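Residue numbers (my numbering): 811 to 1702. Glycine included, C-beta positions come from ideal geometry on N, C-alpha and C. Since the model is a prediction, treat every value here as computed from it, not as a measurement.
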């Protein structure tokens, strides 16, 4: 009995633990299930479903056949179209198929093998005309008829246009070119592949180097297009090219980095392919994959490092690199910088050809080369370089210039064509100019050192002894007389006289020039030493000059012959001051003995002076530089600019102060009211305004004009007359003072149903008009008349509308209005032309009408159209408030 109890207790304990064991087992099943799901997800994470085109979205789900070891050759008559081989094929009711482990061949129009493709899975959708679309995934490989190999996880191939589209990472290879991108369109029929994003391409010099990974160039861009038929790759946006090569001159490794916005890479042409053999069929040209040249566009930057030397940097808007010639064709703001011993050679131009290995550079358009203290410039430059990329020899053509700077002075030579030779020390050794040439030696600091200028019509030869030092300078042709001021005072000037023939007569001492005769196309040039607003560069031309001199070879007086002309150009450009031109039948230039600059011009016969848009003419004219004033006398002196024209017996024009004074029979014409700032309230803004007076003064800077003495301004039938007139153009303000008389506007009135205009005549002691408020103010002894109506008062304000027509009149103090048979008085009146109503106020205001009687009140409203008067208000604040009216009764 005791043993049986023990057995039952164990059994009960086991039964008690059974639910816990079941829970553990369930938990284990759940864990196993989760692990299985995760493993399945991990295994399938890179497997994506087919992304079908919209036309293939509704495929049949009904399976009609399943075949292992599937093969199919599609033909059109005797021509093969395509061949499919798969380990397994499932066919559906609409004839589309699901294939596994697929091999696909396509054939060209001759039935010959074209392209092959393999994939783990394919969704085959048949189409009309023996065409199909194949959705491929799983290690997709394509090998085209022209040796292009493509590898990608997923692709869609369309037989009708022979196009394969990939939207994932794609790797490709053709001969010595290989690369990758994210997404691509492979156009097998066109032999073209469009790389969509994150493009990386490598090129190799040979198949052996490609196999060993020794590349020639690595190329990156945002997108690209590989045209296999034409052997070129077009790169788009943020192009980077890295090239590893070997120098043909030094044999050292050369590293080149290229950047541009766009580029085209060209490969060797197919016409260089070897002979056609069974092993090398037509079109087979492995050497065609060798990079031949690349073309770069927009923001081109190239850095080339030859061994351990300093880099050569190239910037341009366009570049074409020929690999075989090691040659760059550069365009658009070319900038090349080479360095040796930390001393750069800076080359600039519109376009250039740079041959690295041949050590040559050719610049076309705005060429500039700077090397140390030497500067070369020309429209075109052809230069040879030393191996360290320093200048060796240069030929410059078109506005050519060579300049060498040193501490003491700067030496330069210029001409149509120059050549420069540099020695082994890399210093300028010799320079030769061909054609009309100029050489200058300019002191940099010593004020006692004369500036030397030499010119020659045919040639010039210079040899240098060192930086800034000349050994010899020879010229071919005549030399120009150059007179330089020795002192350096602020108003000093240099002079030069040139002509077809020059005769110089010296003083008895043989040192000083007494007289110079310049005959034939003579020119006198005066150049101030200091640039300042008051200093001008002056050029005087005439058929002949006869010049007298002070002691010390300083010009005193030059007399110009027939049809002389002087042109003065400001040394410092300022607003309102420009080039001055003086012409005359005879022109004399007198010089200051102190400053050596021109102090006076005297012109006789058909004289004309021009500065900016201002012009003046007269029979005689003088110009003095001390007060910068042109004085016009004789032959109706006349001056004009873009706004007005003035005549007077005498005109003084101060060119620096921008003031003009006129005296005697002054007559001014403003071309339109608008050109005078609409400062007068005349009716038309497009018609001229005329002003006459005894004298006048114009301030061109302040845009004001003052006319005095019997001044009168008018436009058509409108006028203003006074003792003095003032015009402020910029403010749109006009004033008249003293005995003012005016007819400046008309008033429209309706009489018997018809509208008519009547002029308004006004007189006063003063007048003021403001364009902004369109208000005309008459002051002191105002007398305004319109037809038979008349208003007199101490002051009157006339308000104009936008058409400068009278809108409203307000008169004050001692107002008297008279009309035929009627008289009104008051202290204030307002008349509105729109409704022809006059409001009269006074203490009292009165209206006396010979026909209708009289009225008086604090305010009377007279409605002229209705011939009716309304009275209101008290005559005085303390009055009775009564209104008095007297009516005349006409007997029947």
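Item checked: DSSP three-state assignment for residue 829, whether helix, strand or coil -> As a first step, residue 829 must be located in the chain shown, where it is residue number 19. Helix.
Item checked: Assigned exposure category for residue 892 - 16 Cβ within 10 Å defines buried -> Counted from its first residue, the chain shown places residue 892 at position 82. Burial call: buried.
Note to self: Across the region 894–903 and the region 916–923, are there enough close Cβ pairs to call them in contact, namely three or more that are closer than 8 Å?
What the structure shows: no
Next item on the list: Examine the Cβ distances between the region 1496–1516 and the region 1590–1603 and report whether three or more of them are shorter than 8 Å.
Entry: no
Check: So, do the region 1238–1255 and the region 1264–1273 have three or more beta carbon pairs nearer to each other than 8 Å?
Finding: yes
Note to self: Which same chain residues end up closer than 6 Å to residue 1658 when comparing Cβ atoms and leaving out the 5 residues on each side of it in sequence?
What the structure shows: Here the question's residue 1658 lines up with position 848 in the chain shown. Within the same chain, residue 1658 has close Cβ partners 1633, 1664.
Item checked: Paired residues, beta bridge with residue 935 - DSSP -> The sequence position of residue 935 within the chain shown is 125, counting from 1. Looking at the DSSP assignment, residue 935 forms a beta bridge with 943.
Notebook entry, point to check: What did DSSP end up calling residue 1350 once you bin it into helix, strand or coil?
Noted result: Here residue 1350 refers to the residue found at position 540 of the chain shown. Residue 1350 falls in the strand class under three-state DSSP.
Note to self: For residue 999 and residue 976, which I take to be in contact (beta-carbon distance under 8 Å), what is that distance rounded to the nearest angstrom?
What the structure shows: Locating residue 999 in the chain shown gives position 189, counting from the first residue. Locating residue 976 in the chain shown gives position 166, counting from the first residue. Rounded, the Cβ-Cβ distance is 17 Å, inconsistent with contact.
Check: Is the distance from the Cβ of residue 1579 to the Cβ of residue 1491 below 8 Å?
Finding: Mapped onto the chain shown, residue 1579 falls at position 769. Mapped onto the chain shown, residue 1491 falls at position 681. Their beta carbons are under 8 Å apart, which means residue 1579 touches residue 1491 by this criterion.
Check: Among 1347, 1120, 1326, 1413, which has the Cα closest to the Cα of residue 1354?
Finding: Locating residue 1354 in the chain shown gives position 544, counting from the first residue. The option with the nearest alpha carbon to residue 1354 is 1326.
Checklist line | Whole-number beta carbon distance between residue 1666 and residue 1655, since they are thought to touch under 8 Å | finding: Residue mapping note: residue 1655 aligns to position 845 of the chain shown, counting from 1. Residue mapping note: residue 1666 aligns to position 856 of the chain shown, counting from 1. Their Cβ separation, rounded to whole angstroms, is 7 Å, which keeps residue 1655 and residue 1666 in contact under 8 Å.
Item checked: Enclosing beta strand (DSSP E) for residue 1345 [first to last residue] -> In the chain shown, the residue the question calls residue 1345 occupies position 535. No beta strand (DSSP E) contains residue 1345, which DSSP labels as neither H nor E.
Notebook entry, point to check: From 1380, 1535, 1397, 1482, pick the residue whose C-alpha is nearest to that of residue 1465; which is it?
Noted result: Sequence index remark: in the chain shown, residue 1465 carries index 655 (1-based). For residue 1465, the nearest C-alpha among the options comes from 1380.
Note to self: I want to know whether the region 1479–1487 touches the region 1429–1447 - three or more CB-CB distances under 8 Å.
What the structure shows: No, the region 1479–1487 does not touch the region 1429–1447.
Note to self: Using a Cβ-Cβ cutoff of less than 8 Å, which residues in the same chain neighbour residue 1211 once the five nearest sequence positions on both sides are dropped?
What the structure shows: Translated into positions along the chain shown, residue 1211 becomes position 401. Answer for residue 1211: 1185, 1186, 1187, 1188, 1222, 1223, 1224, 1228, listed in chain order.
Next item on the list: Please state whether DSSP places residue 1682 in a helix, a strand or coil.
Entry: Locating residue 1682 in the chain shown gives position 872, where the first residue counts as 1. Residue 1682 sits in a strand when the DSSP states are folded into three classes.
Checklist line | Distance between residue 1155 and residue 1149 (C-alpha atoms, nearest Å) | finding: Numbered from its first residue, the chain shown carries residue 1149 at position 339. Numbered from its first residue, the chain shown carries residue 1155 at position 345. One C-alpha to the other measures close to 6 Å.
Check: Is it true that the region 1545–1557 meets the region 1448–1461, where meeting means three or more beta-carbon pairs spaced less than 8 Å apart?
Finding: The region 1545–1557 is not in contact with the region 1448–1461.
Notebook entry, point to check: According to DSSP, is residue 1529 helix, strand or coil?
Noted result: Numbered from its first residue, the chain shown carries residue 1529 at position 719. DSSP places residue 1529 in the strand class (E or B) of the three-state scheme.
Check: What first and last residue would you give for the beta strand (DSSP E) that runs through residue 883?
Finding: Within the chain shown, the letter at position 73 stands for residue 883. Residues 873–886.
Note to self: Pop quiz: residue 1608 and residue 1619 are said to be a contact at Cβ under 8 Å. What is the actual Cβ separation, rounded to whole angstroms?
What the structure shows: By 1-based counting over the chain shown, the position of residue 1608 is 798. By 1-based counting over the chain shown, the position of residue 1619 is 809. Sure, about 5 Å apart at Cβ, within 8 Å.
Check: By Cβ distance below 7 Å, which residues in the same chain neighbour residue 883 in space, the five residues on each side in sequence not counted?
Finding: For the purposes of this step, residue 883 is taken as residue 73 along the chain shown, with counting starting at 1. Within the same chain, residue 883 has close Cβ partners 890, 893.
Check: At which residues does the beta strand (DSSP E) containing residue 1186 begin and terminate?
Finding: The residue you call residue 1186 lines up with position 376 of the chain shown. 1184–1195 is the span of the beta strand (DSSP E), which, as asked, contains residue 1186.
Notebook entry, point to check: Does the beta-carbon distance from residue 1520 to residue 1554 come in below 8 Å?
Noted result: Along the chain shown, one-based indexing puts residue 1520 at 710. Along the chain shown, one-based indexing puts residue 1554 at 744. Not closer than 8 Å, so no.
Notebook entry, point to check: Rounded to a whole number of angstroms, what is the C-alpha to C-alpha distance between residue 1524 and residue 1488?
Noted result: As a working note, residue 1524 is residue 714 in the chain shown. As a working note, residue 1488 is residue 678 in the chain shown. Their Cα atoms are separated by approximately 13 Å.
Checklist line | Neighbourhood of residue 1439 by C-beta, 8 Å cutoff - its chain only, sequence neighbours within 5 removed | finding: Here residue 1439 refers to the residue found at position 629 when the chain shown is read from its first residue. These residues qualify, in order along the chain: 1433, 1462, 1463, 1464, 1465.
Check: In terms of alpha-carbon separation, which member of 1202, 956, 972, 1334 lies closest to residue 1366?
Finding: Position 556 of the chain shown, counted from the start, is the residue given in the question as residue 1366. Comparing Cα positions, the closest option is 1334.
Notebook entry, point to check: So who's on the other strand from residue 908, going by DSSP bridges?
Noted result: Here residue 908 corresponds to residue number 98 of the chain shown, with the count starting at 1. Partner(s): 900, 933.
Notebook entry, point to check: By the 10 Å Cβ neighbour count, where 16 or more other Cβ atoms means buried, how is residue 963 classified, buried or exposed?
Noted result: The residue labelled residue 963 in the question sits at position 153 within the chain shown. Burial call: buried.
Next item on the list: Take the Cβ of residue 1090 as the centre, count every other Cβ of all protein chains shown within 10 Å, and call the residue buried at 16 or more, exposed below.
Entry: Locating residue 1090 in the chain shown gives position 280, counting from the first residue. Here residue 1090 scores only 42 on pLDDT, less than 50, and its place in the model should not be relied on; the value that follows carries that caveat. By the neighbour-count rule (16 or more Cβ atoms within 10 Å), residue 1090 is not buried but exposed.
Note to self: Assess contact between the region 1000–1012 and the region 1060–1071, defined as three or more Cβ pairs (one per stretch) separated by less than 8 Å. Is contact present?
What the structure shows: no
Next item on the list: Please report how far the alpha carbon of residue 983 lies from the alpha carbon of residue 895, in whole angstroms.
Entry: By one-based count along the chain shown, residue 983 stands at place 173. By one-based count along the chain shown, residue 895 stands at place 85. If you take the alpha carbons of residue 983 and residue 895, they lie about 25 Å apart.
Checklist line | Same chain, Cβ closer than 6 Å to residue 953, five either side skipped, listed in chain order | finding: In the chain shown, residue 953 corresponds to position 143, counting from 1. For residue 953, where only same-chain residues beyond five positions count, the Cβ hits under 6 Å are 926, 959.
Checklist line | Simplified DSSP assignment, three categories, for residue 843 | finding: Along the chain shown, one-based indexing puts residue 843 at 33. Reduced to three states, the DSSP call for residue 843 is helix.
Item checked: residue 1406 versus residue 1286 - alpha carbon distance -> Here the question's residue 1406 lines up with position 596 in the chain shown. Here the question's residue 1286 lines up with position 476 in the chain shown. If you draw a straight line from the Cα of residue 1406 to the Cα of residue 1286, it is about 30 Å long.
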